[in-house]
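*Asks:* Provided herewith is a single structure, encoded as structure tokens, for subsequent inquiry.
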Amino acid sequence: MDGIDIKHLSRLAQLALTETERSAARKDLERIITMVDQMQAIDTDGVEPLAHPLDADQRLRADAVTETVDRDLYQKSAPAIRDGLYLVPRVVE
Amino acid sequence: MQAFTSVSRLAEGLRQGAYSSVELTRFFLERGRRFGDLNCYISLMEETALAQAEAADKRIGKNDATPITGIPLAHKDIFCTKGTITSCGSRMLENFVAPYDATLVERLNAAGTVTLGKTNMDEFAMGSSNENSYFGPVHNPWHAERVPGGSSGGSAAAVAAGLTPIATGTDTGGSIRQPAAFCGISGLKPTYGRVSRYGMVAFASSLDQGGVFGTSVEDLALLLAFVAGYDPRDSTSSEHVDPWLNAVAKHGVDAFNSSGSSASEGLRIGLPREYFAQLNTGRELLENASRVLEAQGCTLREISLPHTDAAIPAYYIIAGAEASTNLSRYDGVRFGYRCEDPRSLEDLYQRSRSEGFGAEVKRRILTGTYALSVGYFDAYYLKAQKLRRLIRTDFLEAFNTVDLILAPTAPDVAFGLGEMTQDPVAMYQQDLFTIPASLAGLPAMSIPCGLHEGLPIGLQLIGPHFGERTLLETGMLYQRETDWHCQHPGGF
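Residue numbers (my numbering), protein chains in the order written: chain C, 2 to 94; chain D, 8 to 499.
Written out as structure tokens, the structure is:
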């Protein structure tokens, strides 16, 4: 666990943390990971990872259109739109 | 008209014309306003509730009612309700109006229930105390300075205070059972996949499960019968068919009673020693409860679930990993909170997320990001998934020799507001008796079994996959022999 790189992690998680928040987050995360590390003592050799609690497989459906998209309705909750497009700050100058 | 009346009795009153659904709805809306200090509701939906009640009265008049038509209820604010704000307890979704209904909501609407409002919760269902809500904590009706539990604390407190007869909730690691225990009511987390997750804001998708709260197990059965069942819109929804639940939905509680609690005769109940060894408060009450069941013909035996201690570490890795992935959708672009004057796209993402999410949500996202990052994946995420299998195997082996497991729901009674907020790891330990069944995908229920210094203690029953019938029938049997579920906090 040594050296949790909180700057790197917050960048991966797209979170902007202030210096104070970063140090609090590092302290919390260290405690959480220390707690979690108890599990390293348990032998899991040869155990298959379990991704679904009922061990079920992903169900597939026929490749057919089942939904209609009501753009105007869905965009009602958008912070900024114009002519049906989502607006973001300019990416390419 | 009285608060704390069972759904079947309320339905009878509606059928016989003792009161209308509109009157019943007004009654509970008024209670919701009067006891607003509990902070159970994020939004009360007076207008739509009365419209639904009017429609329900018409259905009842035309003899077209289901056993729950006209019954008021509250939804945890994690379920999308078309045209009303679904906040998930977060600033991120403070103004989010869902464009569709969750399957659970749609099914209850079709059955004719009345939605009183949306209940308070820990932000994105992450928490065990309801203190992580952007809209402020909920107060426990039994003691205003104590937490109601979480994350479905608003729903649990609302039922406990008689603000609604029944309510919905979700449980990822104990978020139905622990608040049910802290508030002295009954709460059921069904088998993973029983209740559709469609329209339920995602936290940890391999664990999240919708469920129900009520003042009695009978009410849980009735409500479950309407929300359970296959949904093609949720790819993890189970195709399991349950004729018993279908019969309950059709004929209501009477049929349920006459189908009998005979299933509980000769039932073998296992008491997991690892749980009782870590119990702080309520041992005697749990022992009394098991003796009640023994006197009804159940046999008790001690069992072992050896990997119990691995559950909390495994859970916080798996749930964190899934949360960090699920919550990546909140980017300030398509819906949800957006920061002021973003300087660049990255600034938009980062500040929208940092300002929109609360501290615990960020903690879990960072934990999950850590577990999934290069070099740590095998040591944390895969390791946790292997432990998850061992924990599930413990249960499956136990169910070779017992039909049900009886355990405490929480290690203690409801703790004080602010008591644990400084120590996230101590808060996580609160879930140690509820998380294992979540990891294994098992149905589990908490029902009240007594008071310790005036605060409720919960008894947890855990069943095998799709064993809800046994759980519910055993709970009904217990509640026929005891009256803990009939005790309510003073002042309501």
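Yeah, the Cβ is synthetic: ideal placement off N, Cα and C, and Gly gets one too.
As the structure is a prediction and not an experimental result, all values here were calculated from the model.
In three-state terms, what does DSSP make of D:Gly382?
*Replies:* What you label residue 382 of chain D is simply residue 375 of the second sequence in a count that begins at 1. Three-state DSSP puts D:Gly382 in coil, outside helix and strand.
*Asks:* Just to confirm my understanding: we take D:Asp419, look at its own chain, exclude 5 residues before and 5 after, and list those with CB closer than 6 Å. What are they?
*Replies:* Here residue 419 of chain D is taken as the residue at index 412 of the second sequence, counted from 1. So the qualifying residues of the chain are Asn287, Thr288.
*Asks:* I think D:Pro172 touches D:Ile78, with their Cβ atoms under 8 Å apart; what is that distance to the nearest whole Å?
*Replies:* Along the second sequence, one-based indexing puts residue 172 of chain D at 165. Along the second sequence, one-based indexing puts residue 78 of chain D at 71. Correct: roughly 6 Å between the Cβ atoms.
*Asks:* For C:Ala63, does the count of other Cβ atoms within 10 angstroms reach 16, so buried, or fall short, so exposed?
*Replies:* As a first step, residue 63 of chain C must be located in the first sequence, where it is residue number 62. The residue in question, C:Ala63, is exposed, as its Cβ has fewer than 16 Cβ neighbours within 10 Å.
*Asks:* Keeping to the same chain, check which residues put their C-beta closer than 7 Å to that of D:Tyr205; ignore five residues upstream and five downstream.
*Replies:* Residue numbering aside, residue 205 of chain D sits at position 198 when the second sequence is read from its first letter. Cβ within range, chain order: Ala109, Thr110, Asp238, Arg240, Asp241.
*Asks:* Are the C-beta of C:Leu86 and some C-beta of chain D separated by less than 8 Å?
*Replies:* As a first step, residue 86 of chain C is located in the first sequence; it is residue number 85 there, counting from the start. No, C:Leu86 lies away from the interface with chain D (no Cβ there is under 8 Å from its Cβ).
*Asks:* In chain C, which residues lie less than 7 Å from D:Gly448 when you measure between Cβ atoms?
*Replies:* The count along the second sequence starts at 1 and reaches residue 448 of chain D at position 441. Pro54, Leu55, listed in chain order.
*Asks:* Taking only three categories from DSSP, how would you classify D:Leu195?
*Replies:* Start at 1 with the first residue of the second sequence, and residue 195 of chain D comes out as number 188. Strand.
*Asks:* In whole angstroms, what separates the C-alpha of D:Arg336 from that of D:Met8?
*Replies:* Sequence index remark: in the second sequence, residue 336 of chain D carries index 329 (1-based). Sequence index remark: in the second sequence, residue 8 of chain D carries index 1 (1-based). The straight-line gap from Cα to Cα measures roughly 45 Å.
*Asks:* Go ahead and pull the three-state DSSP assignment for D:Leu307.
*Replies:* Numbered from 1 along the second sequence, position 300 holds the residue referred to as residue 307 of chain D. Residue state, collapsed to three classes: strand.
*Asks:* Assess, as a yes-or-no matter, whether the stretch 81–90 of chain C is touched by the stretch 420–436 of chain D under the definition of 3 or more beta carbon pairs within less than 8 Å.
*Replies:* No, the stretch 420–436 of chain D is not in contact with the stretch 81–90 of chain C.
*Asks:* Using the Cα positions of C:Asp71 and D:Glu113, report the straight-line distance between them to the nearest angstrom.
*Replies:* Looking up residue 71 of chain C in the first sequence gives position 70. Looking up residue 113 of chain D in the second sequence gives position 106. When rounded, the distance between both Cα atoms is 19 Å.
*Asks:* Looking at the C-beta of C:Ala17, does it have a partner C-beta in chain D at a distance below 8 Å?
*Replies:* Sequence index remark: in the first sequence, residue 17 of chain C carries index 16 (1-based). Yes, contact with chain D.
*Asks:* Could you name the residues of chain E that C:Thr21 contacts, counting a contact when the two beta carbons are closer than 8 Å?
*Replies:* Going by chain labels, chain E is absent from the structure shown, which instead holds the protein chains C and D.
*Asks:* Using beta-carbon positions only, say whether D:Ile372 and D:Ala321 come within less than 8 Å of one another.
*Replies:* Here residue 372 of chain D corresponds to residue number 365 of the second sequence, with the count starting at 1. Here residue 321 of chain D corresponds to residue number 314 of the second sequence, with the count starting at 1. It is not a contact, given that the beta carbons lie outside the stated cut-off.
*Asks:* What do you get for C:Val92, buried or exposed, if any count of 16 or more other CB atoms within 10 angstroms of its CB means buried?
*Replies:* Taking the first sequence and counting its residues from 1, the one referred to as residue 92 of chain C is at position 91. So C:Val92 counts as exposed.
*Asks:* Does the CB of C:Ser24 have a neighbour CB from chain D at under 8 Å?
*Replies:* By one-based count along the first sequence, residue 24 of chain C stands at place 23. So no, C:Ser24 is outside the interface.
*Asks:* Using a cut-off of 8 Å between C-beta atoms, extract the partners of D:Val208 located in chain C.
*Replies:* On the second sequence, position 201 is the one that residue 208 of chain D refers to. Correct list: empty, because the minimum Cβ distance to chain C is about 13 Å.
*Asks:* Residue range of the beta strand (DSSP E) that D:Phe220 falls in?
*Replies:* Position 213 of the second sequence, counted from the first residue, corresponds to residue 220 of chain D. Note, D:Phe220: beta strand (DSSP E), 216–221.
*Asks:* D:Ile324 and D:Ala405 look like a contact to me (Cβ under 8 Å); what is the Cβ gap, rounded to whole Å?
*Replies:* Walking along the second sequence from the start, residue 324 of chain D turns up at place 317. Walking along the second sequence from the start, residue 405 of chain D turns up at place 398. The pair is not a contact, with the Cβ atoms about 24 Å apart (cut-off 8 Å).
*Asks:* Consult DSSP for D:Tyr323 and reduce its assignment to one of helix, strand or coil.
*Replies:* Translated into the one-based positions of the second sequence, residue 323 of chain D becomes position 316. D:Tyr323 falls in the helix class under three-state DSSP.
*Asks:* Output yes if chain D places a C-beta closer than 8 Å to the C-beta of C:Arg32; else output no.
*Replies:* Locating residue 32 of chain C in the first sequence gives position 31, counting from the first residue. Closer than 8 Å: yes.
*Asks:* Using only the alpha-carbon positions, how far apart do D:Ser266 and D:Leu478 sit?
*Replies:* Position 259 of the second sequence, counting from 1, holds the residue named residue 266 of chain D. Position 471 of the second sequence, counting from 1, holds the residue named residue 478 of chain D. Residue placement at D:Ser266 is flagged as unreliable, the pLDDT there being 48, under the threshold of 50; the coordinate-derived value follows with that caveat. Computed Cα separation, rounded: 15 Å.
*Asks:* Among residues of its own chain, excluding the 5 on either side of D:Lys501, which ones have a beta-carbon nearer than 6 Å to its beta-carbon?
*Replies:* Limits of chain D in this structure are 8 at one end and 499 at the other, which puts residue 501 of chain D out of reach.
*Asks:* Using the Cα positions of D:Ile319 and D:Leu413, report the straight-line distance between them to the nearest angstrom.
*Replies:* In the second sequence, residue 319 of chain D corresponds to position 312, counting from 1. In the second sequence, residue 413 of chain D corresponds to position 406, counting from 1. Going by the C-alpha atoms only, they are around 19 Å apart.
*Asks:* Please confirm if C:Asp69 has its CB atom under 8 Å from at least one CB of chain D.
*Replies:* In the first sequence, counting from the first residue as 1, residue 69 of chain C sits at position 68. Going by the sequence as given, residue 69 of chain C is Thr instead of Asp. No, C:Thr69 does not count as interfacial toward chain D.
*Asks:* Based on the DSSP secondary-structure assignment, which residues constitute the bridge partners of D:Tyr48?
*Replies:* Residue numbering aside, residue 48 of chain D sits at position 41 when the second sequence is read from its first letter. Partner(s): D:Thr126.
*Asks:* Using a cut-off of 7 Å between C-beta atoms, extract the partners of D:Tyr356 located in chain C.
*Replies:* As a working mapping, residue 356 of chain D is identified with position 349 in the second sequence. Within 7 Å Cβ-Cβ: Gln15.
*Asks:* Just checking my contact of D:Glu225 with D:Ser13 at CB under 8 Å: how many whole Å lie between their CB atoms?
*Replies:* Within the second sequence, numbered from 1, the residue matching residue 225 of chain D stands at position 218. Within the second sequence, numbered from 1, the residue matching residue 13 of chain D stands at position 6. Rounded, the Cβ-Cβ distance is 6 Å, consistent with contact.
*Asks:* For D:Tyr356, which residues in the same chain have their Cβ closer than 6 Å to its Cβ, ignoring the five residues on either side in sequence?
*Replies:* Your numbering for residue 356 of chain D matches position 349 in the second sequence. Answer for D:Tyr356: Asp338, listed in chain order.
*Asks:* For C:Glu59, I'd like the list of residues in its chain whose CB is within less than 8 Å of its CB, leaving aside the five on either flank, ordered along the chain.
*Replies:* As a working mapping, residue 59 of chain C is identified with position 58 in the first sequence. Checking the sequence, you will find Gln at residue 59 of chain C rather than Glu. Same-chain partners within the cutoff: there are none.
*Asks:* Using a C-beta to C-beta distance shorter than 7 Å, which residues of chain C count as neighbours of D:Ser242?
*Replies:* Position 235 of the second sequence, counted from the start, is the residue given in the question as residue 242 of chain D. The answer, in chain order, is Gln59, Arg60.
*Asks:* Interface residues of chain D around C:Glu49 at Cβ under 8 Å?
*Replies:* Reading the first sequence from its first residue, position 48 is the one you call residue 49 of chain C. Those are Lys393, Arg396, listed as they occur along chain D.
*Asks:* Measure the CB-CB distance between D:Leu424 and D:Val154 and report whether it falls below 8 Å.
*Replies:* Locating residue 424 of chain D in the second sequence gives position 417, counting from the first residue. Locating residue 154 of chain D in the second sequence gives position 147, counting from the first residue. In contact: D:Leu424 and D:Val154 (Cβ atoms closer than 8 Å).
*Asks:* Nearest to D:Arg298 by alpha carbon, out of D:Leu389, D:Gly277, D:Thr175?
*Replies:* In the second sequence, the residue the question calls residue 298 of chain D occupies position 291. Measuring from the Cα of D:Arg298, the nearest candidate turns out to be D:Gly277.
*Asks:* Start and end of the alpha helix (DSSP H) containing D:Thr243?
*Replies:* In the second sequence, residue 243 of chain D corresponds to position 236, counting from 1. Segment: none, D:Thr243 is in no alpha helix (DSSP H) and carries neither H nor E.
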